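Written as structure tokens, this is what we have:
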């Protein structure tokens with residue numbers, strides 16, 4: 030990492046100043062300077078380790094050396110396009126919708142459609158007590 034010595038010294042000075050300001054209020058000047066020096070060394074060592082780790086992580090990788098000669102264009106182009114199958118897909122959906130029957134048979138089914146006509150619709154607004162009793166009897170027997 031270029032300029033890493035500035036980072037290391039700057040981080041050490043930051044640690045020394047921070048420790049000096051905190052230590053100055055409760056310690057004599059000699060103790061404060063000694064602790065600031067130790068903080069400078071500790072922060073500089075920490076910055077040196079961080080600089081080394083970042084330099085290793087951010088460094089570009091070395092190309093692998095192999096005995097096989099590489100061709101210039103081989104493997105450098107990847108085609109990720111898929112063919113358009115929209116028509117085939119819509120036909121499959123139509124067949125699934127008609128259950129495989131031809132369209133004319135489906136149209137005849139639609140023409141012959143008659144809605145469900147229930148024999149008796151029971152209203153809950155004014156229930157007949159006799160019908161309610163019969164329904165309860167049927168439900169309890171089951």
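Residue numbers (my numbering): 30 to 171. In this text, a Cβ means the ideal position worked out from N, Cα and C, and glycines have one as well. This one's a predicted model, so the numbers in the text were calculated from it and none came from an experiment.
7 Å Cβ cutoff met for residue i and residue j
i          : j          : result
residue 48 : residue 68 : yes
residue 12 : residue 50 : Given a span of 30 to 171 for the chain in the structure shown, any question on residue 12 remains unanswerable.
residue 73 : residue 39 : no
residue 80 : residue 33 : yes
residue 45 : residue 65 : yes
message: Could you tell me which whole alpha helix (DSSP H) segments of length 4 or greater appear in the segment 140-169?
response: none
task: For the segment 39-125, list the alpha helix (DSSP H) runs that are entirely contained and at least 4 residues long, ordered along the chain.
output: 58-87
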